[in-house]
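In terms of the UniProt record's numbering, the sequence shown opens at residue 1 and continues consecutively.
Idealized CB from N, CA, C, for every residue including glycine.
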Amino acid sequence: PLFHEYPTDPQTYGIDEQFMWGSVVLFSPFLFENQTEVNAYLPDDVWYEPTEDFAKLYPNRGHVKLPDSRLFPPFHLRGGYILPIGCDKAINTQMLREKPINLEVYPKNKSAKGDMYWDDGDSLNTIETNHYNFYEFELLSNCSLHIVVKTKGYNSEKPQIIEKVLIANTFNAKINALVDGKPVESVVLKDDSTRISVNIDLNSGKVGQKWVIDWKTADNTCNLK
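Below is the structure:
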């Protein structure tokens with residue numbers, strides 16, 4: 001329920017037609033026949049809405065009306081978080097696990113954090129047996145994103161690739177991006193977001209290893225809004 005994430009906001013207490021998926025994704029679904037809009041409530045926070053390219057800052061808070069866009073189901077993404085998302089479709093979970101991952105970054109005050117747990121997808125008691133990997137992600141306000149290996153107890157035979165990093169709410173200015181000091185491809189999209197091709201193999205890292213992704217505009221400034 002929404003009030004689990006916003007326990008001090010009385011407006012959330014009686015809401016039973018919206019729900020959070022984790023701490024980040026707020027769904028406001030169409031529930032009734034012939035419904036053309038949703039009366040939703042967005043707590044006082046930073047929110048993003050999906051676009052065809054990636055996502056853009058959503059300007060409203062409080063009680064809002066969400067029309068049926070036909071492109072996306074009505075959901076919003078909470079600022080301050082980094083989500084690892086499978087970037088390709090697959091017909092089952094096993095095949096999806098073999099696909100690359102994108103990191104989707106939704107800044108709040110020019111910063112964001114996230115993490116990812118990964119095991120073989122089949123074994124039991126993987127935490128007790130330390131048969132898993134755990135990674136932490138952090139966006140800093142100087143346009144630097146760090147990926148750190150915190151636990152490495154599972155060794156996959158196949159690479160585990162982070163293909164791209166997408167950062168919402170950036171200025172529309174050409175940038176130069178680096179991964180551990182080496183230039184990589186990057187582009188600023190029309191919805192004021194930035195996409196950086198990183199191609200990092202998480203499976204190659206050891207405990208404590210850090211990958212650093214930096215980007216700056218042509219005049220050496222950070223493009224985070």
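With DSSP as the reference, please indicate the residues paired to residue i in a beta bridge.
i: E37; result: P67
i: M20; result: L26
i: G62; result: L42
i: L57; result: Y48
i: I15; result: None; I15 has no bridge partner.
i: D191; result: DSSP lists no partner for D191.
Report the three-state DSSP secondary structure of residue i (helix, strand or coil).
i: F3; result: helix
i: T221; result: coil
i: P10; result: helix
i: T93; result: helix
i: L202; result: helix
i: L83; result: strand
i: L77; result: strand
i: V212; result: strand
i: V184; result: strand
Roughly how far, in whole angstroms, is the beta-carbon of residue i from the beta-carbon of residue j, given that I think they are within contact range, below 8 Å?
i: F27; j: Q35; result: Rounded, the Cβ-Cβ distance is 15 Å, inconsistent with contact.
i: A40; j: S193; result: No, A40 and S193 are not in contact; Cβ-Cβ is about 23 Å, not under 8 Å.
i: D149; j: G205; result: Reading the sequence as shown, one finds Val at residue 149 and not Asp. Sure, about 4 Å apart at Cβ, within 8 Å.
i: S197; j: E163; result: 7 Å
i: P29; j: Y6; result: Contact flag wrong, Cβ pair sits at about 19 Å.
i: residue 253; j: L96; result: This structure leaves residue 253 out entirely; the chain is present only between 1 and 225.
Q: Please determine if the region 144-161 and the region 177-191 are in contact, where contact requires at least 3 C-beta pairs separated by less than 8 Å.
A: no
Q: Inspect the CB distances between the region 203-222 and the region 165-173 and report whether three or more fall short of 8 Å.
A: yes
Q: Examine the Cβ distances between the region 90-98 and the region 201-214 and report whether three or more of them are shorter than 8 Å.
A: no
(Q) Using a Cβ distance threshold of 8 Å, determine whether the region 67-87 contacts the region 102-119, with at least three qualifying pairs required. (A) yes
Q: Entirely within the region 100-181 and at least 4 residues each: give me those alpha helix (DSSP H) ranges in chain order.
A: none
(Q) Taking contact to mean 3 or more Cβ pairs, one atom from each stretch, closer than 8 Å, check whether the region 55-68 and the region 118-135 are in contact. (A) no
Q) With a cut-off of 8 Å, do at least 3 Cβ pairs link the region 46-56 to the region 69-78? A) yes
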